[in-house]
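Asks: Numbering (numbering that gives the first Met the number 0), first residue to last: 0 to 210.
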Amino acid sequence: MLIVFYSRTGSVEALAVAAAEAARAVGAEVRLRRAREVASGEDMAKVDGWREEADRQNALYPEPTHEDAEWADAILFGTPSYFGAPATELKNVLDRLGPQWKRGSLSGKVGGAFAAASWPHGGSEVVTMALYAPMAHLGMVILPTGYTDEAMLEAGSPYGASAIVGGKKGKPRQEDLDAARHQGRHTVAITRALVIADEMPSRKKGRASQA
0 MLIVFYSRTG
10 SVEALAVAAA
20 EAARAVGAEV
30 RLRRAREVAS
40 GEDMAKVDGW
50 REEADRQNAL
60 YPEPTHEDAE
70 WADAILFGTP
80 SYFGAPATEL
90 KNVLDRLGPQ
100 WKRGSLSGKV
110 GGAFAAASWP
120 HGGSEVVTMA
130 LYAPMAHLGM
140 VILPTGYTDE
150 AMLEAGSPYG
160 ASAIVGGKKG
170 KPRQEDLDAA
180 RHQGRHTVAI
190 TRALVIADEM
200 PSRKKGRASQ
210 A
């Protein structure tokens, strides 16, 4: 699994880490990647702590590459909600997947999304669903969480895990992290079933040729 996220203050990072840990716990190999800033250093300097937080996270998580996307069987995208839209930094990662789109190399991979917003009506659901559109263009199998676990009744949405962190950009609640963990496990379970199903015809063909 590849988890690509952008996080300015650490809220989305916390959701991404929770999803990654849960996915690893059920046997998945996970690559955790942070999208890089597209804003100028001058603009970053106008926001307290932006540069420092970016440096901290960039030291922990590599930048996503095309090889990461092609390697993965499933990709989760995480973003804050900025005016009801995904972060430009994450959108930039998607915008650069043109070669993969042209070759169809991401077709059939499982895709999902999660988000964070400052306020209850800050757009986390809208942002999550907005990320479905580029996944559809890439031919991915879009996987919402639905209400497939009690965690989704306490936090998140049927579209993906989410968190409301307040104007001071606090950390996600335990319930929010539980929803992210469920999304990680759920994605692994469905992806594993699809991968096994995809391998079955070749196995049957091999048995027939040996008969």
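Positions of the beta carbon are idealized from the N, C-alpha and C atoms, including for glycine.
#1: Measure the alpha-carbon distance for Gly183 versus Glu41 and round it to whole angstroms.
#2: For a quick check, are the C-beta atoms of Ala211 and Leu1 less than 8 Å apart?
#3: Quick one: which unbroken alpha helix (DSSP H) runs of 4-plus residues sit fully inside the stretch 1-74? Chain order, please.
#4: Just to confirm, are Arg7 and Pro79 a CB contact at a threshold of 8 Å?
#5: On the three-state DSSP scale, how would you describe Tyr158?
#6: Determine, using beta-carbon pairs with one atom in the stretch 141-154 and one in the stretch 100-108, whether at least three such pairs fall under 8 Å.
#7: Give every residue of the same chain whose Cβ lies closer than 8 Å to the Cβ of Asp67, excluding the five residues on either side of it in the sequence, and list them in chain order.
#8: Within this structure, are the beta carbons of Val126 and Gly83 separated by less than 8 Å?
#9: Cα separation between Ala188 and Ala44?
#10: Report the rounded CA-to-CA distance for Ala115 versus Arg35, giving the unit in angstroms.
#11: Pairing CB atoms from the stretch 81-97 with CB atoms from the stretch 128-148, are three or more of them under 8 Å?
Replies: On the basis of the data shown:
#1: Counting from 1 along the sequence shown, the entry for residue 183 is found at position 184. Counting from 1 along the sequence shown, the entry for residue 41 is found at position 42. Straight-line Cα distance between these residues: approximately 36 Å.
#2: Past the boundaries of the shown model lies residue 211; the chain is included only from 0 to 210, so the question cannot be answered.
#3: 10-24, 40-44, 49-59, 65-70
#4: As a working mapping, residue 7 is identified with position 8 in the sequence shown. As a working mapping, residue 79 is identified with position 80 in the sequence shown. Yes, these two residues count as a Cβ contact at 8 Å.
#5: Stepping through the sequence shown from its first residue, residue 158 is reached at position 159. Reduced to three states, the DSSP call for Tyr158 is coil.
#6: no
#7: Working through the sequence shown from its first residue, we reach residue 67 at position 68. Excluding residues within five positions, the ones whose Cβ falls inside 8 Å are Leu1, Val3, Arg30, Arg32.
#8: Against the sequence shown, residue 126 aligns to sequence position 127. Against the sequence shown, residue 83 aligns to sequence position 84. Yes, they are a contact pair.
#9: Translated into the one-based positions of the sequence shown, residue 188 becomes position 189. Translated into the one-based positions of the sequence shown, residue 44 becomes position 45. Each residue's Cα considered, the two are about 42 Å apart.
#10: Numbered from its first residue, the sequence shown carries residue 115 at position 116. Numbered from its first residue, the sequence shown carries residue 35 at position 36. Straight-line Cα distance between these residues: approximately 18 Å.
#11: yes
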